[in-house]
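Numbering (this note's numbering), first residue to last: 91 to 649.
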């Protein structure tokens, strides 16, 4: 039909041989169909399909976007807006040169910057051919305990130097190395999944919920909401219901979830399945950040072991891969991403417990929270409420990095103060004197060493204008510029704002510009901070001013 002259009519009577817009290329369509295989062409799988194309070709060409839109029966605009929202997709227009085959991402988070990532990036840019290797700055990769970190393809080079990176390139080490971890058989031999089986056979979900409440478990992704009470909220709404697990551990300085998953993945998986049993979930969706390729492979293997053992039906646990967007750590933005959309936070109410994934009631928890659900269900609430320190009850996994002798994850009483945490991490690094610390990621700002007696727990830091968040502790010393640390944090928020609301989108940008001045305009920065806190839609914009305000309060001599 399209070979007939004038088949497409314009308003002036002249004909076209093809419809307006980008034409479908047969080769690109065939390549896309081959990559998608027999997978269902569901709209919620769009991001998964974009990953398939990106992994196979190293970029997303205009022809492939056109072909994917055709195959999924959606508009090119939908595909394009999703692809360009996420940092790990490289969209290439007609006539543009695709990126080189190898991409090196150099982490520029606070800890990596303190460890020399800027100089490392400059050295790599100078020593490598840009036509063959692309060097990019990248946000936190969850390896602050081994800073500076470089991602080489999908392989992470820890404590990176130019020499180590060049050696890895020459050796062709572009894939992740899987750490040793507790396997399904090892976990089961130690009593693993016995609790899940007993609960499924004759358990009372309200009894388990009561144990979790007694234990005092709260959401450990940062929000701190009572973990047990969520079950009742979700169950009070008619099904089908879902579990959505937030594994997008993107808060700079945080790596506790990776720590647990690389060592005891089944403790988390059993906690997730107990939660799914409690709310009678139709399916579990596990959202894992793209920066954790080794963890994703571990989970693929261990979920397959669960399926082979008959503990779950094939497909009951569906893993989804993030694409480089910190905002997807916000629960509603994560749900949007699982649905194959841009990670834009939703307006609330309704809350996700009522209207969540695919419009259904959804239980959202992070990795560490579900890890503790399994431990409480198995060993009783005493595993948490039996520990007391400084008037606080429970345990916390602190991600500790910066100027300490032994960075890492430390399981300590929830009442621990910064002195306790530094002591657990081997004290200060040689030649450094403790001056300041970040208590819970950049969202929490920076506190002075004079507050060393304050317990780092829920509800203890609000009077100081901050919060514990994800317990991402970064220790700074007399060798560090506090104002530069705050600027690093605001640059992160500027890059990661989803752009939905003006106070956050424009506010972060303006704050960075104001903070680069030799002397800060404190009155203007405070006015800007107030607007961002009051008018931003989600926690990113509301918390972004914390580094500004706390530096002006505690370190006025620097600004």
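A virtual CB, placed ideally from N, CA and C, is assigned to each residue, including glycine.
This one's a predicted model, so the numbers in the text were calculated from it and none came from an experiment.
The alpha helix (DSSP H) enclosing residue i, as first and last residue numbers
i, result
"residue 550", "Taken as a continuous stretch (DSSP letters only), residue 550 belongs to no alpha helix (DSSP H), as it is neither H nor E."
"residue 642", "636–644"
"residue 337", "Run containing residue 337: none in the alpha helix (DSSP H); it sits in the beta strand (DSSP E), 331–337."
"residue 122", "116–126"
"residue 300", "295–305"
"residue 215", "207–217"
"residue 383", "383–398"
"residue 518", "No alpha helix (DSSP H) holds residue 518; DSSP gives it neither H nor E."
Straight-line Cα distance separating residue j from residue i
i, j, result
"residue 92", "residue 166", "Reliability of the predicted coordinates at residue 92 is poor, the pLDDT of 45 falling under 50, and the value obtained from them is presented with this limitation in mind. In a straight line, the C-alpha of residue 92 is about 21 Å away from that of residue 166."
"residue 505", "residue 547", "6 Å"
"residue 421", "residue 444", "13 Å"
"residue 486", "residue 371", "28 Å"
"residue 566", "residue 496", "14 Å"
"residue 299", "residue 285", "14 Å"
"residue 249", "residue 201", "11 Å"
"residue 203", "residue 490", "15 Å"
"residue 590", "residue 423", "11 Å"
"residue 515", "residue 477", "20 Å"
"residue 531", "residue 127", "41 Å"
"residue 359", "residue 306", "21 Å"
"residue 337", "residue 457", "6 Å"
"residue 612", "residue 642", "7 Å"
"residue 316", "residue 502", "20 Å"
"residue 302", "residue 466", "7 Å"
"residue 253", "residue 226", "18 Å"
"residue 595", "residue 582", "12 Å"
"residue 426", "residue 447", "8 Å"
"residue 388", "residue 237", "23 Å"
"residue 585", "residue 601", "12 Å"
"residue 164", "residue 377", "24 Å"
"residue 562", "residue 114", "48 Å"
"residue 275", "residue 418", "33 Å"
"residue 618", "residue 577", "15 Å"
Rounded Cβ spacing between residue i and residue j (contact assumed at less than 8 Å)
i, j, result
"residue 464", "residue 364", "6 Å"
"residue 190", "residue 223", "6 Å"
"residue 354", "residue 347", "At roughly 12 Å, the Cβ-Cβ gap does not stay under 8 Å, so residue 354 and residue 347 are not in contact."
"residue 526", "residue 536", "5 Å"
"residue 161", "residue 131", "6 Å"
"residue 277", "residue 356", "4 Å"
"residue 395", "residue 267", "Not quite, the Cβ-Cβ distance comes to about 20 Å (not below 8 Å), so this is no contact."
Range of the contiguous beta strand (DSSP E) that encloses residue i
i, result
"residue 503", "498–503"
"residue 144", "That residue, residue 144, is in no beta strand (DSSP E); its alpha helix (DSSP H) goes 136–147."
"residue 241", "240–242"
"residue 194", "192–197"
"residue 456", "452–456"
For residue i, the residue or residues it bridges with in DSSP
i, result
"residue 528", "564"
"residue 407", "374"
"residue 491", "564"
"residue 356", "Beta-bridge pairing links residue 356 to no other residue."
"residue 246", "241"
"residue 228", "197"
"residue 189", "Bridge partners of residue 189: none, in fact."
"residue 483", "478"
"residue 308", "316"
"residue 151", "182"
Residue i: CB within 7 Å of a non-hydrogen atom of the ligand NAD
i, result
"residue 363", "The model on display carries no ligand, and the ligand NAD is accordingly not part of it."
Completely contained alpha helix (DSSP H) runs for the stretch 568–635, where each covers 4 or more residues:
572–586, 592–605, 612–625 and 629–633
Please list the segments of the beta strand (DSSP E) lying wholly inside the stretch 426–474, counting only runs of 3 or more residues, in order along the chain.
452–456
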